[in-house]
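Below is one structure; the comments refer to it alone.
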Amino acid sequence: MIVLGVNIDHVATLRNARGGRNPDPLLAADIVFTSGAGQIVCHLREDRRHILDQDLRNLLSWGKLPVNLEMALTPEMQDIAITNRPQLITLVPERRLERTTEGGLSLDHDLAGKIRDFHQLTSEKKIPLSLFLDPDIEMVKKGCDLGVEQIELHTGPYANAFLKKPDALELERLLECSLYIASRGIRLAMGHGLDTENLLPLLSIPNLAEVNIGHSIIARSVFIGLSSAISEIQEKLSR
Ligand code: PXP
7 MIVLGVNIDH VATLRNARGG RNPDPLLAAD IVFTSGAGQI VCHLREDRRH
57 ILDQDLRNLL SWGKLPVNLE MALTPEMQDI AITNRPQLIT LVPERRLERT
107 TEGGLSLDHD LAGKIRDFHQ LTSEKKIPLS LFLDPDIEMV KKGCDLGVEQ
157 IELHTGPYAN AFLKKPDALE LERLLECSLY IASRGIRLAM GHGLDTENLL
207 PLLSIPNLAE VNIGHSIIAR SVFIGLSSAI SEIQEKLSR
């Protein structure tokens, strides 16, 4: 079965809006676990807009599910990752002003060299390394040449196109890259903008091993849970 990684960044975003402890990302992680998902995903950003360093430490010592740490390849993040040893590291590009990760890594000569160096460190620590890449076959070939353990294809453009109608071209790009990744014996993940609708066509991709989903799950949970949260207060008021 395809592993579901649940990104809990937006639980931390909500917590950070007020400071304090609520909602606690660790409690969210427990619900992810009891709901049967296979992995926690979190992105430790340079500006710490959602997950904080202590959240990462808490998740790793909680330990009920593997943690996929998304991070930019900066010296600070490399130190944090190597010290804390998550079960998977996903390298993503990061720009301060973006709302979310807006594209895949651009593997130029300089970045490829840095990834090779970091991969040596992660290999020594036995932490698998994943690269977040656009479904661009030339970029995917470069990524595979780096010898990493996993490639996560960016499904954002596919998801955006899907909003208008199921998009054969974007699906074709994902499929072409997926088959190439399979031919190189590298594990395949996908993520970004996925939801209950646009996920369905992806399920026919034979080597899809993992999907990482955050925003649509957290957004939906507000509406699934809002009524119960109101009823809890109403029940107190009626006493
Ligand atoms: N995968 C990666 C590499 C991401 O950067 C993100 C967003 O943080 C996701 C998956 C989840 O995307 P979404 O929140 O749109 O489901």
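Quick note on my numbering: the sequence shown kicks off at 7 and runs consecutively. Where is the CB? At the ideal position from N, CA and C, for every residue including glycine. Since we're looking at a predicted model, the values are computed, not measured.
Asked                                                                                                                                                                                : Found
What did DSSP end up calling H125 once you bin it into helix, strand or coil?                                                                                                        : helix
Beta-carbon within less than 8 Å of A165's beta-carbon, same chain only, minus the 5 sequence neighbours each way: which residues are those?                                         : H198, G199, L200, D201, N204
Along the beta strand (DSSP E) that carries L137, what are the first and last residues, could you check?                                                                             : 135-139
For the region 185-199 and the region 215-227, state whether three or more C-beta atom pairs, one from each stretch, are separated by less than 8 Å.                                 : yes
With distances taken between CB atoms, is the gap from V12 to A43 smaller than 8 Å?                                                                                                  : yes
Looking at the ligand PXP, does it come within less than 7 Å of E100, judged from the CB to the closest heavy atom?                                                                  : no
Is the Cβ-Cβ distance between R179 and P141 less than 8 Å?                                                                                                                           : yes
Between which two residues does the beta strand (DSSP E) containing M77 stretch?                                                                                                     : 73-77
Answer yes if the region 126-144 comes into contact with the region 91-98, meaning at least three C-beta pairs across the two stretches below 8 Å, and no otherwise.                 : yes
Compare the Cα-Cα distances from L185 to each of F168, G162, A174, I157 and report the closest residue.                                                                              : I157
Give the secondary structure of R24 by DSSP, where H, G and I count as helix, E and B as strand, and everything else as coil.                                                        : helix
Short of 7 Å in beta carbon distance, which residues of its chain neighbour D173, apart from the five on each side in sequence? Order them along the chain.                          : Y164, A167
If I follow the unbroken beta strand (DSSP E) through R193, where does it start and stop?                                                                                            : 193-197
DSSP three-state call for I223: helix, strand or coil?                                                                                                                               : helix
Between L139 and H160, is the Cβ-Cβ spacing less than 8 Å?                                                                                                                           : yes
Please work out which residues of its chain come closer than 8 Å, Cβ to Cβ, to A35, disregarding the five sequence neighbours upstream and downstream, and give them in chain order. : I14, I46, L65, W68, K70, L71
Rounded to a whole number of angstroms, what is the C-alpha to C-alpha distance between G231 and I239?                                                                               : 13 Å
Work out the CA separation of R122 and K148 for me, nearest whole Å.                                                                                                                 : 12 Å
Which of the three DSSP states, helix, strand or coil, is assigned to H56?                                                                                                           : coil
Quick one: Cα of E182 to Cα of I143, how far?                                                                                                                                        : 7 Å
Thinking H49 and E76 are a contact (beta carbons under 8 Å), I'd like their distance in whole angstroms, please.                                                                     : 4 Å
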